[in-house]
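There are 2 protein chains.
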Amino acid sequence: MPVFLSHFVNRLDKKGRVSVPASFRAALGSDASGIVVFKSLQHEALDGCSIGHLELLSQSLEKQDLPSDVYELIETTIFGGSMQLPFDSEGRITLPAALAASVGIADDVAFVGRRKTFQIWNPKKLAAHEAAARSAARAKDISLSKIIAAASRFENGGV
Amino acid sequence: MPVFLSHFVNRLDKKGRVSVPASFRAALGSDASGIVVFKSLQHEALDGCSIGHLELLSQSLEKQDLPSDVYELIETTIFGGSMQLPFDSEGRITLPAALAASVGIADDVAFVGRRKTFQIWNPKKLAAHEAAARSAARAKDISLSKIIAAASRFENGGV
DNA sequence: TGTTTACCCATGTTATCCCATAAGAACCCA
DNA sequence: TGGGTTCTTATGGGATAACATGGGTAAACA
């Protein structure tokens, strides 16, 4: 089972090539001919996975009983918006200029493991996003503790 | 399995010719003599597929017990309205002027992969449609991770 | 005979392959 | 443990092939 872990930052050269981290290539296992990337629906980043995983996705789409408009949406955004990027002999991919520009990638490229998939970010935007997520988590934690405290009050008072 | 992925924009020349993306030609596999196109039922675009896929479609239509009016409709629009466009020696098709005009194609032609089929768009109209689909996806809260999670269930259970 | 369609060749651009180099990590052997 | 060595990995550049595209010519059609 391919598992993408940790995060790496590699440089984009003049030709638009960037090395895919060796551990990610190893995680691809059997279908190590390249990767598939597409624009994330939620973030200013690219989602990436193996070709096998995309086929799996397409199989599960057929089995799930999705509304036709949703199915339509996915086919347009994922399959139409995705690109199959093969490795060169050094394990690099060439990131199409339009795709890189659309997520604000210029020089450095951050690969972020997400177990079965991974993401490709502009390192600076990734740092900002992580900071935001962190503070959001903190904020949620605070409200959670309040809720727990409130729940405890009921527990103590009630029984 | 032939899979049409990603999207490409090629130019329509004075003679009405346009190159079919090399990866699409490769995806056609055995029946690589040309493609079949017909007007999309939903969009201002053309649907395209291999000849083999159209035969598959006709077979699956016969097996299903569709109402006669639906069957009639499909036969008229798909099979009646379809055109078989052979490749020239460079892998181009000549897009009939009437067909191109009917979907607003003048200079540039966008080929959009949709797994088993593909679509042919005016690039500008495609961009508008994509933006709409993307925001609709966000509004419906369709997250890929949910779909991928569902796909992973198949991975763990099935294979 | 005029018009259109299909075939053939030429060209510029882009992407792919191949080799070289440098830095880092792991390894081995004292 | 320390120093040296070998291997993996990332990165850079040049040569080559594939691709998209344009135009010209001959055959098919009306």
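Chains as they are written, first to last, in the numbering used here: chain A, 1 to 159; chain B, 1001 to 1159. The beta carbon of each residue, even a glycine, is placed where N, CA and C say it ideally should be.
- Contact between A/Pro123 and A/Val9 holds: their C-beta atoms lie close to 5 Å from each other, under 8 Å.
- Residues Phe4 of the same chain have their beta carbon placed closer than 8 Å to that of A/Arg114, with the five preceding and five following residues left out of the count.
- Contact between B/Ser1050 and B/Asp1031 is confirmed by a C-beta separation of about 5 Å, below the 8 Å threshold.
- Comparing alpha carbon positions, the residue from A/Gly29, A/Ile93 and A/Ala98 closest to A/Val36 is A/Ile93.
- Residue ranges of uninterrupted alpha helix (DSSP H) with 4 or more members, entirely inside the stretch 1108–1151 of chain B and ordered along the chain, are 1123–1139.
- In the three-state DSSP reduction, A/Gln59 falls in the helix class (H, G or I).
- The continuous stretches of alpha helix (DSSP H) do not include A/Leu85, which lies in the beta strand (DSSP E) extending over residues Met83 to Pro86.
- By alpha-carbon distance to B/Arg1017, the top candidate from B/Lys1125, B/Phe1087, B/His1053 and B/Ala1133 is B/Phe1087.
- Inclusion of B/Leu1012 and B/Asp1107 in the CB contact set at 7 Å is warranted, their separation being smaller than that value.
- When beta bridges are read from the DSSP output, B/Lys1014 appears opposite no residue.
- Residue pairing from DSSP places A/Asp47 in a beta bridge opposite A/Phe38 and A/Gln119.
- It is roughly 15 Å from the alpha-carbon of B/Ala1022 to the alpha-carbon of B/Gly1048.
- Boundaries around A/Ile93 are those of the beta strand (DSSP E), Arg92 to Thr94, since no alpha helix (DSSP H) includes it.
- Under the criterion of beta carbons closer than 8 Å, A/His7 and A/Val112 qualify as touching, at roughly 5 Å.
- Between A/Ser102 and A/Phe38, the C-beta spacing is not below 7 Å.
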